[in-house]
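Numbering (the working numbering), first residue to last: 518 to 694. Since the structure comes first, as structure tokens, the remarks are kept for the end.
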DNA sequence: CACAGGATATACT
DNA sequence: GTATATCCTGTGA
């Protein structure tokens with residue numbers, strides 16, 4: 518899972534032809550107190566337990582959707598949270614869904630990203646390598662940076678947040694980058 | 001910068 | 001059943 522998380526940076530993710538290049542992800546595993554799968558399987562996080570390659574979509578704070586890529590085989594809870602991407606496809610559609618013109622605010626955060634790409638519970642459990650998803654291998658080798666994860670209080674010291682260094686489309690700037 | 005908004009899950013009474 | 005916590009964002013100060 519710590520191999521696939523950095524691999525995702527720079528890859529292109531599309532949903533119904535709308536999306537862009539991933540610039541920010543965070544890794545979670547079952548021993549991680551901050552992860553949903555830590556206390557066992559529930560109806561909400563069932564998709565996090567694999568099989569690898571499927572989407573895990575969950576509701577955050579009762580308002581926002583967040584998209585994860587499950588990367589564990591059946592029985593384990595490992596996932597990569599898609600936090601931000603650089604919009605390259607379907608800008609008009611995203612602007613319409615978000616009601617904003619500034620491309621930097623379209624996908625700079627997990628909740629915003631899901632709104633811009635139209636991701637809901639309907640997509641929970643779907644594979645990311647099949648319709649309506651498209652996952653394109655990255656064409657360039659981005660410069661990576663790692664940092665502590667965001668918005669959590671448990672295990673906040675591990676640097677499992679991977680970003681493209683210097684990207685203008687991150688949800689937050691990387692400290693000391 | 002503080003804070004409301006509110007689904008889902010766990011911990012407590 | 002009630003209380004508390006959470007992988008967050010928009011709005012108003």
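Ideal placement from N, C-alpha and C gives every residue a C-beta, glycine not left out.
Taking all protein chains shown into account, do 16 or more other C-beta atoms lie within 10 angstroms of the C-beta of residue 586, making it buried, or fewer, making it exposed?
So residue 586 counts as buried.
Restricting to runs no shorter than 3 residues, where is the beta strand (DSSP E) found entirely within the segment 561-641?
DSSP runs (the beta strand (DSSP E)) wholly in the segment 561-641: 572-577, 581-587, 596-606.
For residue 644: DSSP bridge partner residues
571
What is the residue span of the alpha helix (DSSP H) that residue 521 lies within?
521-525
Could you please give the first and the last residue of the uninterrupted beta strand (DSSP E) stretch that includes residue 663?
Under the DSSP assignment, residue 663 falls in the beta strand (DSSP E) whose first and last residues are 661-664.
Just to confirm before moving on: does the CB-CB distance between residue 597 and residue 588 stay below 9 angstroms?
Cβ distance < 9 angstroms, so residue 597 and residue 588 count as in contact.
Could you give the DSSP three-state label for residue 678: helix, strand or coil?
strand
Cβ-based burial, residue 537 [other Cβ within 10 Å; buried from 16]
Classification of residue 537: buried, given that the 10 Å Cβ count is 16 or more.
Quickly, what does DSSP pair residue 555 with across the bridge? List them, please.
BP columns for residue 555 are empty, so no partner.
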